[in-house]
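Participant:
In the UniProt record's numbering, the protein residues as written are 1 to 69.
1. Compare the beta carbon distance of residue 15 and residue 24 with 8 Å and say whether it is the shorter of the two.
2. Would you kindly report the start and end of the unbroken beta strand (DSSP E) that includes residue 21?
3. Mind checking whether residue 46 and residue 36 have CB atoms under 8 Å apart?
4. Considering only residues of the same chain and omitting the five flanking positions on each side of residue 17, which have a CB-CB separation below 6 Å?
5. Spatial neighbours of residue 27 within its chain, please: CB distance less than 8 Å, with the 5 preceding and 5 following residues excluded, ordered by chain position.
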């Protein structure tokens, strides 16, 4: 599960910054519906890949955390 939080200055430890968004990879596997419910509880939102540039960013975050797309 990958969540995004909007921050203007710095990201919390364990998050990856890109522009004004901080991304956090969770190794727990959820269905889309369950992840959509869990992310707001954690203060973020479930990130939806919109284009190839976004895919490359998400791939690098997931791959860097030992996950797979």
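Here a beta-carbon is modelled for each residue, glycine too, at the ideal position from N, C-alpha and C.
Facilitator: Let me lay it out:
1. Counted from its first residue, the chain shown places residue 15 at position 15. Counted from its first residue, the chain shown places residue 24 at position 24. Yes; because the gap between Cβ atoms is below 8 Å, this pair is in contact.
2. Sequence index remark: in the chain shown, residue 21 carries index 21 (1-based). Unbroken beta strand (DSSP E) run through residue 21: 21-25.
3. If you number the chain shown from 1, residue 46 lands on position 46. If you number the chain shown from 1, residue 36 lands on position 36. Contact flag set, yes.
4. For the purposes of this step, residue 17 is identified with residue 17 of the chain shown, where counting begins at 1. The residues are 11.
5. In the chain shown, the residue the question calls residue 27 occupies position 27. So the qualifying residues of the chain are 65, 66 and 67.
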